[in-house]
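Trainee: I have a structure I would like to understand better, so I am pasting it below and will then ask my questions one at a time.
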Amino acid sequence: MKKIISLYLFSFLLFLSSCTDLTEHVYDQLDGDKFLSGLSERDMASIMAPVYGDMRVLYAGFSAHQTGSWFYTGEETGDIQITPRRGGAWYDGGVFERLNGHTWTVDDKLVLGPWQQFYKGVNDCNRLIYLFSDSTLKVDSTKRILLMSELKVARAFWYYCLVDFYGNVPLVTNYNVPKGFLPKTSPRDSIFNFCVSEISNAIPNLQEDGYAKWNKYAATHLLARLYLNSEVWTGKPQYTKVDSLCKIIMNSGKYKLESNYKNIFVTDNQYSTEIIFAIPNDEIYHVSEPFLPHLWSFHWKTYSHLMTVTKYWGGMCGEPAFINSYNIEDTRKAKSWLWGQQYDNLGVFGGKGASMLCEGWRPDDAGKPLDYENTFTPNSQGVGEQEGVRMFKYEVKPGALSCLSNDFVLFRYADVYFMRAEALWRKNNKVATSIVVSLLNEVRKRSFTDYRGDKVLLTSQLDDDRFLKEYGWEFCQEGDRRQELIRFGKFTTYKWMNHTSSQPYRVLFPIPYQELVANPNLVQNPGY
Amino acid sequence: MKKFTLILIGVFFASMVVFSQQKKITLNLNNVTVKEALEAIKKTGGYTYWFEAKDLDITQKVSINVVSKNIDEILVLLFNGQKVDYTIKNGNIVIRKSDKKNIPIQKKTELNKITGLVTDSKGEPIIGASVILKGSNTGTITNIDGTFSLDVQDQSEITISYIGYKQTFLKIGKTNNYKIILEEDSKELDEIVVVGYGFLKKGNITSSISSLKREDFIQGDVTSPVSLIKGKVAGLMVTKTSGDPTRNDGGVQIMLRGVSNLTGNQQPLIVVDGIAGASLDAISPDDVESIDVLKDGSAAAIYGTRGNNGVIIVTTKKGASNKKTVNVDYHGYTSYETISNRIQTFNAEDFLKLPETTQGKALNAVTNLGSVTDWFNTIYQTPINQNHNISIRGGDAASNVIMTINYQEQQGILKNSGKEQLQVRLAANQSMWNGKLRFYGNAVGTIVNSTYADPSNYFNTLLVNPTASIKDATTGVYTLFQDSSNPVQEINEKNTDTKWDRFSLNGKITFEPINNLNLSAVGSTERFQSIEGTFATYQYYNGDANKGEVWRSSKFNELKTFEFLSDYSLAFSDVHKVTFLLGYSYQEHNWEGFSLYNYNFPTELLSYNKPGLGLALKDGNASMDGYKAQSKLISGFARINYSLKDKYIAAVSVRREGSSKFGVNHKWGLFPSISTGWKISKEPFFRSSKWIDELKIRAGYGVTGAEPNDPYLSINRYSYSNPVLSDGSWIWGVGPSVNNNPDLRWETKKEFNLGIDYSFIKGRISGSIDLYNRRTDDLIYTYQVPVPPNLVSDIYANVGSITNSGIEVLFSTIPIQKKNFVWNITTNFSFNHNNLDKLSNDMYQRDFLETGATGAPIQKTTHIVREGEPIGNFFGWKSSSISADGKNWLDANGNVITFENSNREVLGNGIPSFQMGISSSIRYKGFDGSISLRGVGGFQILNQYRMLWETFMKGGNHNYPLSILNKPYGVDTYVYTAPSYVSYYIENGDYLKIDNVTIGYTFKFQKYVEKLRLYVSGLNLYTLTGYTGVDPEVNMLGLSPGIDQIGSIYPSTRSFSFGVQLSLF
């Protein structure tokens, strides 16, 4: 009996020990540890790709208008662009009204979204810098220096965004941190100084060319932008440096102003001579974070009018007062905004037929012509579906899908003219000199058929308001409006639809509530 | 009560025993005990023995060497020297102390010879019942016809008793012929209950287990096995949230004893014929013999990391029969369905009158598109369903087989939807070497064809303008709407066909090297494969650029199981009885699939059959993808069941289990349990009570676990995504996709259960009461973490705790129990209280979660999950009135509600807190009738359809619910606000349903046909509720329960069936 029982127990234990292997096998993804240990030269481009891929979150994503993005937040908090409530649509719990009226809260997703996007960018750079500093990796030293320099500029760019939006943020530069490490908040000027020194050190090692890469001139442009904002961000004016950096770009001969403003924003704008740094989009290759300002802006019926495959959601539009400020002969108005009656395609793709009518998003509008007009007649149901002129700066090609192929322009040559003009103007105590106005006129003149008379900017005309308008006419819908308004001190004082004035602390966003909960070392910005 | 110390041998395989009296037995036994000899005979012949321990000395040593002898001859040898008699019938051998010598052979004239017939309550004769003259040792036993004769004196009393029946007393009167009916002795106590990896007598259960047999099931047009026990098990909530016939799960949600996690996975572990994790969707309800629900932790702990949500054990019919014969059963029904409740909207005429009806207060005008369309009828059909089931069983104890064939055809209530299913099952048992080696094999194949219709089309019919035409009369182009799709266009122009098969094969070999030690090896594979094709025609896109669209996908998944089981039972005299179970289990789950999408086809004629033709592929707009993953579970487990004097019982189990889904630092968990029972009614002080049959107190404590839903959460994974332009060409980026958590582990539930089982008045009243408290710790949820240092901003971590506590009451009574008239009532009641104890720890912080979504245009979260509150709380704005112009909601102070987040409050809870079920059945002669009612309460429903559409604010383009003419809060105005998330749209969900009524009649025949039953049955017949939506049975799972989700719910139906059951022999 005993023998049998022990035999039985023995055989059981044999079974028990025979298979206890719980190792997981991953089939449709890579086992990170194995992948990195077998890394080869062939994988380098893919490994580096997130550094540039991450930048698409600046403007893209299906719900970026709800969850926040650098572009959406940077424009909607200002005086040019607005997403008004339209009947039952585009209310979304009041997020757009809060953003536009400077009443955002610490737990608004629009405040959280950019923070997370920026730090994801930082983290990917940190991760790759850590990876490339591993000498066992088979990369030759020149290539390693180049990659490292690109990475450091890319990281500095994210800190530039963070220092602009949130000011005082944690500065994390290491990837290999101990478990449970929680970074502490650093003051705004130390973040600023970090960006300046990283970029300055990297510039000599960068390539002269390379589209959509952190090359020498894109990095120089970024550095100039930092110095231009230095007075606001650190209290220390550095306009001379702006001037000399702009001159470096100008003297390189690499870039040229487009003769036609629209060329910068066409579907195939990668050939534009004016672009210094763009983030490439492609309707085929890239669809996961689509470039879709057209979806946010046009009425769904506009798909017939514009002959596109995709239909739209119809919310975002221009602020009437700003639209009215264009000079009547300024072609940039028509090249930036969509006006007028929308037409059906008669059920035939590509055809243009009858005038389309409103559906009654506000009941009273039902049956009115769907005619984008530059007026708002708000009532308790918001504004009408036909009200407001639509964003039309980026070309929407016939047959367009929900993802556009137009590359998003981050830095362009015209901005070098503007930065230099502003730096010289500020250095001269906001008194315009002829060189200042000639820099601005150089950019302005291509947008007028007959550039003379009252169309030409005069030194006597250039004050804060005019300078801001010049920025707006040239650079509306490009994401920098918030930064411009703050630099000119008008962010909390100008009036627009949902904004009459706001507390000065609103020039910085709060540290998002969720992040404060997740990291108790963070310090909230004053005022919040 | 006379003390019976009975040994029941062979219970474990009682249901599989087949015997033959004619069978010749060969034995070669030397110097064994009588007990061992009896067991050897049992193995060969399949007999069950009944005797009193005091009558037969089973320790006596005997030697029997016979070749091919009858059982009678063997028993004579076996009992040689013992003063016993025996009777054999139907595989039962009743052994009694021989009384022949004690009958005084007196031929006095005062003695009367009486005769009698002893039967059970159904009129079947009882063989071997003892008939004893009271106050003496004189008596006899009934013969093969159930009759006896006995010489008695006048005025004497006899007692008639038989194992399993109540002892009966009879006073002898003037007549000489008596008919005695023995009532079954609390038969439930001897019922077999399936527990994890074994069986127990119901009387020996120490945990909270509900066991339901065929006769308890819901009848009628039931297509999902779990629906068979809807409303029948206290604490188990079964909700049918969809009438979609194509869903594999039948649209059924299950929740046992409340919400125990944050991941929304409340699915209990399903065990089918011993295979844990098997799938229910391939089992025809006709094939189900019993369903056992292991509710508390002490019962479920033997299933380790999968026990948190309880365990549902489904046992299918076996090829057992009591005699060597072939049985053929047929069950077929046909049924038709109607929508259970149709939401009323305006017809074209009333719609046009709306400005007039509302006296211009709400609408100045509506859009008259000039047609009249009853949209509901354009997509609605009356489904006719049918089901045919044939089962053929045959064989004997050593070798038997069952084959079942099931065919089902179900139509959907929306046009172009339905399902056709064929299932064949074959199971066989074979034993050899006198039962020392046994084989079991089971093969099930199911093939299904289904056509899917999108449930959103039902809601679209409520929204579209009733004056719109379906198509433009001249161009034939479908009418387009802003607020919804054209439902006819969707139904007619987009079709999804799915074909799937499931094959399950399993085998078991059991070896019994010494008596009562069974060693088994179990191997099983279940494979599922499906292929799906969807085609959208040119018309689906109104002639737009997309010319025809095709989606194709294929899935495969597989569950492989290997188990090694051993059990051993020992009895030390009559006092101690112990059963050991030891097991090892290995399970591997693999799943993979791929899909593709293409559009711009040159023709519609090829449907989805030539997906490569779409030009979108050439344009770069087609897509394809695939996936593959694997998970493993490995465990060892043991259990001891112990019984002391059959009064004190205990069970202790432990499972050590590892899951590949756990983090490297926590691969293995330990899940122990202990439970005890005390049969108070067996104590001497209770014996005097005649009306108490059984009273048992039990207490159990068990630890179970739950795995994460997804694999690989602890592995540092890189994935390719987000292509970028690099040096002029587009390349994939690669980078980490998740924060891996090497510390991820199981959720741990610790549950204490206290219960009472009772049975009174000869089983006429019985039931149980259970109290439980279950706390789940280490809840898995997504937590926000800072980036950097983390890779992405969330991580799966074990943090929170939830407690559920409640009471469950089961009460059954048999008000009438006569041969031709039986009436049963069973009721159950359960109440559960849920509380989220904790959501944060030092490392991961969350004050609360906001979950759920109102949908556009409100874009608010609907629920809050907060420490100290139950899961499922609605969190929004409390409305108390509406402004005079109907344009603003007002709060309790009469102020306009501004929809600031800070003004929100808890408005109700979407998870029912109590459930009540009542089932009653009546059998009168050939008639049978049954009814099942179910009441569910203590919860609220957010009526999303009303919230989004019951306001005139959206203009006169589309239709409205009739309820829009209700004036809220007695204010003389209609709702004219923007759609808002206010308490006005949160309704009480409480309901009482008549789930099932069945009436049947059974004909009995003498030859060929054993019985023929005809019945009619109705399902989901009537709902008593204040809720105004289609059906108050809405989603109860996840963190945002109780939303009657617009557009995603296939309307529920009511069905009526006519069925035939036929048994041949």
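For the record, the sequence lines run as chains V and G. Per numbering that gives the first Met the number 0, residue 0 is the first one in the first sequence, and the count goes up by one each step. Per numbering that gives the first Met the number 0, residue 0 is the first one in the second sequence, and the count goes up by one each step. Just so you know, even glycine gets a beta-carbon here, dropped at the ideal spot from N, CA and C.
On the DSSP bridge list, what partners appear for Gln-538 (chain G)?
Mentor: Taking the first residue of the second sequence as position 1, residue 538 (chain G) is located at position 539. Its beta-bridge partners do not exist; DSSP assigns none.
Trainee: Any Cβ of chain V within less than 9 Å of the Cβ of Pro-267 (chain G)?
Mentor: Residue 267 (chain G) sits at position 268 when you count from the first residue of the second sequence. With 9 Å as the cut-off, Pro-267 (chain G) does not count as an interface residue toward chain V.
Trainee: Given a cut-off of 9 Å on the beta-carbon distance, is the pair Lys-576 (chain G) and Tyr-641 (chain G) in contact?
Mentor: Translated into positions along the second sequence, residue 576 (chain G) becomes position 577. Translated into positions along the second sequence, residue 641 (chain G) becomes position 642. Yes, they are a contact pair.
Trainee: Relative to the C-alpha of Asp-777 (chain G), which residue among G:Asp-1043, G:His-665, G:Ser-1056 and G:Asp-453 is closest?
Mentor: The sequence position of residue 777 (chain G) within the second sequence is 778, counting from 1. Answer by Cα proximity: G:His-665.
Trainee: Hey, out of G:Phe-1002, G:Ile-824 and G:Leu-368, whose CA is closest to Ile-764 (chain G)'s CA?
Mentor: Reading the second sequence from its first residue, position 765 is the one you call residue 764 (chain G). It is G:Ile-824.
Trainee: Should the region 293–301 of chain G be regarded as contacting the region 666–681 of chain G, the criterion being three or more beta carbon pairs within less than 8 Å?
Mentor: Cβ pair count under 8 Å is three or more, so yes.
Trainee: Check whether the Cβ of Leu-35 (chain V) lies closer than 9 Å to any Cβ atom in chain G.
Mentor: As a first step, residue 35 (chain V) must be located in the first sequence, where it is residue number 36. For Leu-35 (chain V), the answer is yes, since a Cβ of chain G falls inside 9 Å of its Cβ.
Trainee: So, does the region 306–313 of chain G touch the region 698–705 of chain G, judging by three or more C-beta pairs under 8 Å?
Mentor: Because the criterion of three Cβ pairs below 8 Å is met, the region 306–313 of chain G and the region 698–705 of chain G touch.
Trainee: Quick one: grab the DSSP three-state call for Val-522 (chain V).
Mentor: For the purposes of this step, residue 522 (chain V) is taken as the residue at position 523 of the first sequence. Note: Val-522 (chain V) maps to coil in three-state DSSP.
Trainee: Please identify the residue among G:Gly-754, G:Thr-826 and G:Asn-789 whose C-alpha is closest to the C-alpha of Gly-202 (chain G).
Mentor: If you number the second sequence from 1, residue 202 (chain G) lands on position 203. Checked all of G:Gly-754, G:Thr-826 and G:Asn-789; the closest Cα to Gly-202 (chain G) is G:Gly-754.
Trainee: Less than 8 Å between the CB of Phe-873 (chain G) and some heavy atom of the ligand ADP, yes or no?
Mentor: The model depicted lacks the ligand ADP and carries no ligand whatsoever.
Trainee: Looking at C-alpha atoms only, which residue of G:Asn-831, G:Asn-739, G:Arg-945 and G:Thr-826 is the closest neighbour of Val-791 (chain G)?
Mentor: In the second sequence, residue 791 (chain G) corresponds to position 792, counting from 1. Answer by Cα proximity: G:Asn-739.
Trainee: Is Ile-801 (chain G) near Ser-829 (chain G), with beta carbons less than 9 Å apart?
Mentor: Here residue 801 (chain G) corresponds to residue number 802 of the second sequence, with the count starting at 1. Here residue 829 (chain G) corresponds to residue number 830 of the second sequence, with the count starting at 1. No, they are not a contact pair.
Trainee: Taking a cut of 7 Å between CB atoms, which residues from the region 258–286 of chain V lie near chain G?
Mentor: Under the 7 Å Cβ criterion, the region 258–286 of chain V contributes Pro-279, Asp-281, Ile-283, Tyr-284 and His-285.
Trainee: Interface residues of chain V around Trp-729 (chain G) at Cβ under 9 Å?
Mentor: In the second sequence, counting from the first residue as 1, residue 729 (chain G) sits at position 730. By Cβ distance, chain V contributes Pro-279, Asp-281, Ile-283, Tyr-284 and His-285.
Trainee: Can Gly-250 (chain G) and Ser-283 (chain G) be called in contact, C-beta distance under 9 Å?
Mentor: For this step, residue 250 (chain G) is matched to residue 251 along the second sequence. For this step, residue 283 (chain G) is matched to residue 284 along the second sequence. Contact: no.
Trainee: Assuming the contact rule is C-beta atoms closer than 8 Å, Leu-1018 (chain G) and Asp-220 (chain G) should be a hit. Round their C-beta distance to whole Å, please.
Mentor: Here residue 1018 (chain G) refers to the residue found at position 1019 of the second sequence. Here residue 220 (chain G) refers to the residue found at position 221 of the second sequence. The Cβ separation is near 6 Å, so the contact holds.
Trainee: Return the residue from the list G:Gly-197, G:Arg-655 and G:Asn-887 that minimises the CA-CA distance to Val-895 (chain G).
Mentor: As a working mapping, residue 895 (chain G) is identified with position 896 in the second sequence. Selected option, being the one with the closest Cα: G:Asn-887.
Trainee: Using the three-state DSSP reduction, which class does Glu-562 (chain G) fall into: helix, strand or coil?
Mentor: As a first step, residue 562 (chain G) must be located in the second sequence, where it is residue number 563. The answer is strand: DSSP assigns Glu-562 (chain G) an E or B state.
Trainee: If we define contact as Cβ-Cβ less than 9 Å, is Gln-288 (chain V) a contact residue for chain G?
Mentor: Residue mapping note: residue 288 (chain V) aligns to position 289 of the first sequence, counting from 1. Inspection of the sequence shows that residue 288 (chain V) is occupied by Glu rather than by Gln. Answer yes: the Cβ-Cβ gap between Glu-288 (chain V) and chain G drops below 9 Å somewhere.
Trainee: Let me know if Ala-353 (chain V) comes out buried or exposed under the rule of 16 or more other beta-carbons within 10 Å of its beta-carbon.
Mentor: As a working mapping, residue 353 (chain V) is identified with position 354 in the first sequence. Counting Cβ neighbours within 10 Å, Ala-353 (chain V) comes out exposed, since fewer than 16 surround it.
Trainee: Helix, strand or coil: which one does DSSP assign to Ser-1104 (chain G)?
Mentor: Lying outside 0 to 1064, the shown extent of chain G, residue 1104 (chain G) is not represented and no answer is given.
Trainee: Residues of the region 702–721 of chain G in Cβ contact with chain V at a cutoff of 9 Å, in chain order, please.
Mentor: Under the 9 Å Cβ criterion, the region 702–721 of chain G contributes Pro-710, Tyr-711, Ser-713, Ile-714, Asn-715, Arg-716, Tyr-717, Ser-718, Tyr-719, Ser-720 and Asn-721.
Trainee: Determine the burial state of Ile-327 (chain V): buried for a count of at least 16 other Cβ atoms within 10 Å of its Cβ, exposed for fewer.
Mentor: The residue you call residue 327 (chain V) lines up with position 328 of the first sequence. Exposed, since its Cβ has fewer than 16 Cβ neighbours within 10 Å.
Trainee: Classify Gly-86 (chain V): buried if its beta carbon has 16 or more other beta carbons within 10 angstroms, exposed otherwise.
Mentor: Sequence index remark: in the first sequence, residue 86 (chain V) carries index 87 (1-based). So Gly-86 (chain V) ends up on the buried side.
Trainee: Just to confirm my understanding: we take Leu-1124 (chain G), look at its own chain, exclude 5 residues before and 5 after, and list those with CB closer than 6 Å. What are they?
Mentor: With chain G represented from 0 up to 1064, any question about residue 1124 (chain G) goes unanswered, as that position is not in the structure.
Trainee: With DSSP as the reference, please indicate the residues paired to Arg-655 (chain G) in a beta bridge.
Mentor: Numbered from its first residue, the second sequence carries residue 655 (chain G) at position 656. Looking at the DSSP assignment, Arg-655 (chain G) forms a beta bridge with G:Gly-635 and G:Leu-669.
Trainee: Can you tell me whether Gly-909 (chain G) is buried or exposed, with buried defined as 16 or more other CB within 10 angstroms of its CB?
Mentor: Along the second sequence, one-based indexing puts residue 909 (chain G) at 910. Answer is buried; the Cβ neighbour count reaches 16.
Trainee: At 4 residues or longer, and completely inside the region 471–509 of chain G: list those alpha helix (DSSP H) runs for me, N to C.
Mentor: Here the runs fully enclosed are 486–492.
Trainee: Looking at the unbroken alpha helix (DSSP H) that takes in Asn-125 (chain V), where does it start and where does it end?
Mentor: Indexing the first sequence from 1 puts residue 125 (chain V) at position 126. Asn-125 (chain V) -> alpha helix (DSSP H) spans 108–131.
Trainee: Against chain V, which members of the region 760–793 of chain G pass a CB distance test of less than 9 Å?
Mentor: Per Cβ criterion, the list reads Tyr-782, Gln-783, Val-784, Pro-785, Val-786, Pro-787, Pro-788, Asn-789, Leu-790, Val-791 and Ser-792.
Trainee: Less than 9 Å between the beta carbons of Val-522 (chain V) and Asn-167 (chain V), yes or no?
Mentor: As a first step, residue 522 (chain V) is located in the first sequence; it is residue number 523 there, counting from the start. As a first step, residue 167 (chain V) is located in the first sequence; it is residue number 168 there, counting from the start. Result yes, Cβ atoms of Val-522 (chain V) and Asn-167 (chain V) sit closer than 9 Å.
Trainee: Around the Cβ of Arg-84 (chain V), are there at least 16 other Cβ atoms within 10 angstroms (buried) or fewer (exposed)?
Mentor: One-based indexing of the first sequence puts residue 84 (chain V) at position 85. Buried, because 16 or more other Cβ atoms sit within 10 Å of the Cβ of Arg-84 (chain V).
Trainee: For the alpha helix (DSSP H) that contains Gly-52 (chain V), what are its first and last residues?
Mentor: To locate residue 52 (chain V), count along the first sequence from 1; it is residue 53. Per DSSP, Gly-52 (chain V) belongs to the alpha helix (DSSP H) from 43–52.
Trainee: Find the nearest neighbour of Asp-618 (chain G) within the set G:Tyr-457, G:Asn-597, G:Ala-891 and G:Ala-442, judged by alpha-carbon distance.
Mentor: In the second sequence, counting from the first residue as 1, residue 618 (chain G) sits at position 619. For Asp-618 (chain G), the nearest C-alpha among the options comes from G:Asn-597.
Trainee: Assign Met-54 (chain V) to buried or exposed, taking buried as 16 or more other Cβ atoms, counted over all protein chains shown, within 10 Å of its Cβ.
Mentor: Within the first sequence, residue 54 (chain V) is the residue found at index 55, counting from 1. Label assigned to Met-54 (chain V): buried.
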